[in-house]
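Working notes, structure below.
2 protein chains.
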Amino acid sequence: MTVTKSEIRPGAYFDSVLLMLLQRGLTELPGVEDAGVVMATPANLALLEESNLLTKDGEAAKPDDLLIVVRAEDELLATEALSQFDDLIKKRKPNMSTDFHPRSLANADKQLPEANWVLISVPGRYAAEVAHQSLDLGKNVFLYSDNVSIQHELELKTKAQKMGLLVMGPDCGTAIINGVGLGFANHVQKGKIGIVGASGTGLQAITSHIHNLGAGVSQVIGTGGRDLKSEIKGITSLQGLDLLKQDVETEVIILVSKPPAPEIATKIISNAQKINKPVVVNFIGYPSAGKNIDNLYFVSSLEEAAEMAISLSKNLKKENITNKNNYPKPKGYLRGLFSGGTLAYETLLSMQSFLSPIYSNVPINKEQYLADPLESKGHTIIDLGEDVFTVGRLHPMMDNDLRLRRLKKESEDPEVGVILLDVVLGEGSHPNPSEEISPAILEAKKLRPELEFIVLIIGTDIDPQDKEKQISEFEQSGAFVFTFSSKMIEFINDMYQDAIHQESASINIDDFMAPLVAINVGLESFYQSIISQEATAIHVDWRPPAGGNEKLMSLLDKMRT
Amino acid sequence: MTVTKSEIRPGAYFDSVLLMLLQRGLTELPGVEDAGVVMATPANLALLEESNLLTKDGEAAKPDDLLIVVRAEDELLATEALSQFDDLIKKRKPNMSTDFHPRSLANADKQLPEANWVLISVPGRYAAEVAHQSLDLGKNVFLYSDNVSIQHELELKTKAQKMGLLVMGPDCGTAIINGVGLGFANHVQKGKIGIVGASGTGLQAITSHIHNLGAGVSQVIGTGGRDLKSEIKGITSLQGLDLLKQDVETEVIILVSKPPAPEIATKIISNAQKINKPVVVNFIGYPSAGKNIDNLYFVSSLEEAAEMAISLSKNLKKENITNKNNYPKPKGYLRGLFSGGTLAYETLLSMQSFLSPIYSNVPINKEQYLADPLESKGHTIIDLGEDVFTVGRLHPMMDNDLRLRRLKKESEDPEVGVILLDVVLGEGSHPNPSEEISPAILEAKKLRPELEFIVLIIGTDIDPQDKEKQISEFEQSGAFVFTFSSKMIEFINDMYQDAIHQESASINIDDFMAPLVAINVGLESFYQSIISQEATAIHVDWRPPAGGNEKLMSLLDKMRT
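For the record, the sequence lines run as chains A and B.
Just so you know, the numbering used here puts 396 at position 396 of the first sequence, and the rest follows in order with no gaps.
Positions in the second sequence are counted from 1; adding 1000 to them yields the numbering used here.
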């Protein structure tokens, strides 16, 4: 009959390496079957329970408490093991490092004032404070710590942006700055591909694949997984793109992240299009309906991102920022009035990466849902062939009445700048759509000459309607006519490019290109990793303020402000 | 001052062509500014209101009522216009067709017994009944009508499947059967590309693009937009794939639809993989992380679908159904225990098209959400680096403890057949992961030899851990080791292929290849379109049972059953 015993140490702080070592140390003691040494968060209590290590006492522990548990062969051995815990601490501690380390960031800065980076891997609740101190010292931050609130992230990144500094993270796993890997990073060759990524192992998979295929990377800028959320607005990603745009060694850029918030995707895409280098975009799992717009190349896997970037770097042609001065500048929102449901859906899919906010009665996600299909708002794509419109009425591919009425209404809306129509030819469809729709376009443009019309014609040269004649009549009415969806999408993207607000996020590239010199606060293994890569670093033997006591900490905090 | 007047005709039925013509007729009368002739559904009332055509009387009309509205210069002209409505009916009706048409499907069948297809475009509430009659007569159905309930759709398709017949639709806009376009269809060349599509204008865009690029199509099978929903189970799509598999003229297949229900995607993909022809898949907007698995080619736009199919048809290599007899057959669910968040997410993204149900703590959609990350269910992908797991604990890329505990737990679960692990090498990571994980794999395989392990190793030849040694040690423990995510995904797909239930949906290909002879019930323009394509057809001068009176209809219905 085994016995499980536990001990609680309220508010005690040990770093996670020591916690791991202590747990292993307990497990190796005589008669001990299993042990746990954890901060008593609900998740950690559940994990202890999984391993049959949760006691009644343990259940009562609070998230800030250190909980020590052993399961041993009998009562005596369990008690004996627990009693050796402090000896284990004493035994393990001196082993960890033989160097002398400063105890504070300020002291480290005095010892190594040329440090331009601070690596932070202390527990999440302390991390924001250390990051603020680092910025105050004028240093860039690699913030590995997770469990940092999004509010703290926004404060840090906004502050850094104003100071021309970078905050990579929180929860930033990976970066390679001037050849030095920070956090988790593979050894890879130097090369021409620069990467900005809101995804740690994504960056590792891409950089490894690039190296394994014989190519190399210039800079790898991590941003933390939440950088492309609405709250953070892509601050670090935009700074990273700006850096890689300036960096002469970077010839091709990869941008990788989980699906961004739609309006952030728009902003990032718009900024990426202003770079005269190819940009490979992998918004992992963000559905798109295109492969290439201008200098942007959309891919759907990490492997493909690496392979596309290598292929582009081998066949480098200077990407021209097309002169869009002769493109019409839209004077307001785009309204797409579709007769074809799938055409509407695919168009929405293509445009959602660069137009925002966008709404539809055939939405791709619930944010795009247009509650009243009779009232457009923002950019809107309407499928007029939806069931609700077709009770006792011919399909809009046969009968233009409904579309003409809607066209009139939209064209009278001063918020509207562009009206987009599909015209589907072939058997079954209206015998002569341009005859009815072109006059309506002329009429609308007479009232509001600044209004632009775009017509997508789907059909063949042997369709009954005479495709060439349809094209020419729509063109004569002043509409831009396309017979390829991809070309139309590129045109619309170009039209709206200048309308999208550009974010300036300038970081001095010369400062950034200085050799990496780092202060490491947190996991000592990260310090050793930097040293082993022959970069200069100093490790801070960091302790939580007030010994990790939350109440005392918050009191200190209040006294300071 | 204009005057708007309206008239309600309870339960009156006119087909939608006539409604359109009557509305136009009213608009052309002296002094009439605008007019509406509609079934008084809420949507149609709202549309009338948009056009300033909704009166107090009109608001009170019921969905089955016909509502006639005119807005004229004065009271007299409005009254006068309304009074001419019946004259307009008389004037318009004889113009529509000079032929004599049978009044019922049964009579049409007597006149043209060789008819193998019935085209149905009557209003939704009558359409299911006509489709049932058509199946009872042994005919395939092209069901253009929308506003048909999903329950009716399921009944019809289940019945058709048992009889070896096809029901394309409801809300099927497009098909090309043996060279004859049904519904809305472009004129295109004959060729080698066969298409199955749950998307009308999607089919039109693809077929037009194929023709415009100089290639051609064999058969185009529409399914209706809901065919790949859970309720309908892809019945028609599976039948369509089966037909194109048998059809010797079809060398490349395209499958196009809006995103299917996950378990239906799985089933369709699995069936498509059993065809020894290339299959181009465009689940529009369904995120995927791969380009190619076996004979399947995933594309993300309609244009790309056409272009990929043409390119495959030009470079046709016989797709081999790989002999998977020497592949391990999984004895249960797959459980992925990941240290890398993005690797977990991308793997989920790749596997969701062929494994179902699949759950995760980093889900792509809410159906996949795993409420308790400590308890797997079905196929599961866990990211062990998520914040909840890392409070006071080293990241699983540094410390294997959590993963080893979970590995043990999963391997003891009799429902588990495969355990998948990622191993990320490089700076910062554990110095020798195989030393700790390989023994755990050996241990688990000792207890359950049927358990399979798959290890994805991310890293380079110059990483500190010695990648080759890691690979070899994991292989020695009996795991399948991959260094490419795409190869691993293909392997897992192949392992599980035989485990997925195959649907047989056999339709006699010879019957199907007989020249199209059609009975048209509903829109006369569809009949004229078939005739103009030089196929044989007969039009039914269809009237709703009981003159469209709902109460009488339901009474008749009850008497029949």
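All residues carry an ideal CB built from backbone N, CA and C; glycine is no exception.
Check, Outcome
"Measure the alpha-carbon distance for B/Gly1124 versus B/Lys1258 and round it to whole angstroms.", "22 Å"
"In chain B, which residues lie with their C-beta within 7 Å of the C-beta of A/Ile186?", "Sequence inspection shows Asn at residue 186 of chain A; the Ile mentioned does not correspond to that position. Within chain B, the residues near A/Asn186 are Leu1425, Gly1426, Gly1459, Thr1460, Asp1463."
"At the 8 Å Cβ level, is B/Lys1469 part of the contact set with chain A, yes or no?", "no"
"Does the contact criterion of 3 or more C-beta pairs under 8 Å hold for the segment 199-211 of chain A versus the segment 153-166 of chain A?", "no"
"Assuming B/Pro1170 contacts B/Leu1143 (C-beta within less than 8 Å), just tell me the rounded distance between them.", "5 Å"
"Starting from A/Ile284 and walking both ways along the beta strand (DSSP E), at which residues does that stretch end?", "Unbroken run through A/Ile284: none, as it is neither H nor E."
"For chain A, check one thing: does any of its Cβ atoms lie closer than 8 Å to the Cβ of B/Glu1307?", "no"
"Exposed or buried, what is B/Gly1014 when buried is set at 16 or more other beta-carbons lying within 10 Å of its beta-carbon?", "Checking the sequence shown, residue 1014 of chain B turns out to be Phe, not Gly. Buried is the call here."
"Using a cut-off of 7 Å between C-beta atoms, extract the partners of B/Ala1131 located in chain A.", "Result: empty, since nearest Cβ-Cβ is about 17 Å, beyond 7 Å."
"Chain B partners of A/Asp401, CB-CB under 9 Å?", "Met1020, Gln1023, Arg1024"
"Using C-beta distances below 6 Å, list every residue in its chain close to B/Ile1275, excluding the 5 sequence neighbours before and after it, in chain order.", "Lys1245"
"Residue range of the beta strand (DSSP E) that B/His1101 falls in?", "Neither: B/His1101 is in no beta strand (DSSP E) and is coded neither H nor E."
"Beta-carbon within less than 8 Å of B/Ser1525's beta-carbon, same chain only, minus the 5 sequence neighbours each way: which residues are those?", "Val1017"
"Near B/Tyr1286, what residues of its chain come up, given a Cβ to Cβ distance below 6 Å and the 5 sequence neighbours on each side ignored?", "Pro1259"
"Below 7 Å on C-beta distance, what does B/Met1397 contact in chain A?", "Phe184"
"What does the alpha-carbon distance come out to for the pair B/Glu1050 and A/Leu156?", "50 Å"
"In whole angstroms, what separates the C-alpha of A/Ile538 from that of A/Thr174?", "19 Å"
"Would you kindly report the start and end of the unbroken beta strand (DSSP E) that includes B/Met1039?", "1032-1039"
"Starting from the Cα of A/Pro10, find the closest Cα among A/Thr2, A/Lys62, A/Gly200, A/Ile462 and give me that residue.", "A/Lys62"
"Residues of chain A with a CB under 7 Å from the CB of B/His1211: which are they?", "Thr460"
"Counting contacts by CB-CB distance shorter than 8 Å, is A/Ser472 in contact with chain B?", "no"
"From the beta carbon of A/Asn95, is the nearest beta carbon of chain B less than 8 Å away?", "Because A/Asn95 carries a pLDDT of 45, less than 50, the predicted location of this residue cannot be relied on, and no value is offered for it."
"Would A/Ser525 count as contacting chain B if we go by Cβ distances under 8 Å?", "yes"
"Pull up the distance between the alpha-carbon of A/Ile321 and that of A/Asn271, whole angstroms please.", "Its pLDDT being 47, under 50, A/Ile321 is placed unreliably by the model, and the measurement read from it follows with that caveat. Whole-angstrom Cα-Cα distance: 12 Å."
"What residues from chain B crowd round A/Tyr286, counting only those whose CB sits closer than 7 Å?", "Pro1287"
"At which residues does the beta strand (DSSP E) containing B/His1379 begin and terminate?", "1379-1383"
"Going by Cα to Cα distance, which pick from A/Glu231, A/Ser230, A/Leu343, A/Thr236 is closest to A/Ile195?", "A/Thr236"
"For A/Gly11, would you say it is in contact with chain B, using Cβ-to-Cβ distances shorter than 8 Å as the test?", "no"
"Starting from the Cα of A/Asn116, find the closest Cα among A/Ala535, A/Pro544, A/Asp541 and give me that residue.", "A/Ala535"
"Whole beta strand (DSSP E) runs in the segment 1145-1185 of chain B with 3 or more residues, listed along the chain?", "1174-1177, 1180-1183"
"So, with DSSP's three-state summary, where would you put B/Thr1002?", "coil"
"Measuring CB to CB, does B/Ala969 end up less than 8 Å from A/Gly426?", "There is no way to answer for residue 969 of chain B, as the model of chain B reaches only from 1001 to 1561."
"Candidates A/Pro357, A/Gly224, A/Asp136: which alpha carbon is nearest A/Ser149's?", "A/Gly224"
"Report the residue ranges of all alpha helix (DSSP H) runs contained in full by the segment 1041-1128 of chain B; include only those spanning at least 4 residues, in chain order.", "1042-1050, 1056-1059, 1075-1083, 1085-1096, 1105-1111"
"What span of residues does the alpha helix (DSSP H) with A/Thr250 cover, start to end?", "Run containing A/Thr250: none; DSSP gives neither H nor E here."
"Please decide whether B/Met1488 counts as near chain A, where near means a Cβ-Cβ distance under 8 Å.", "no"
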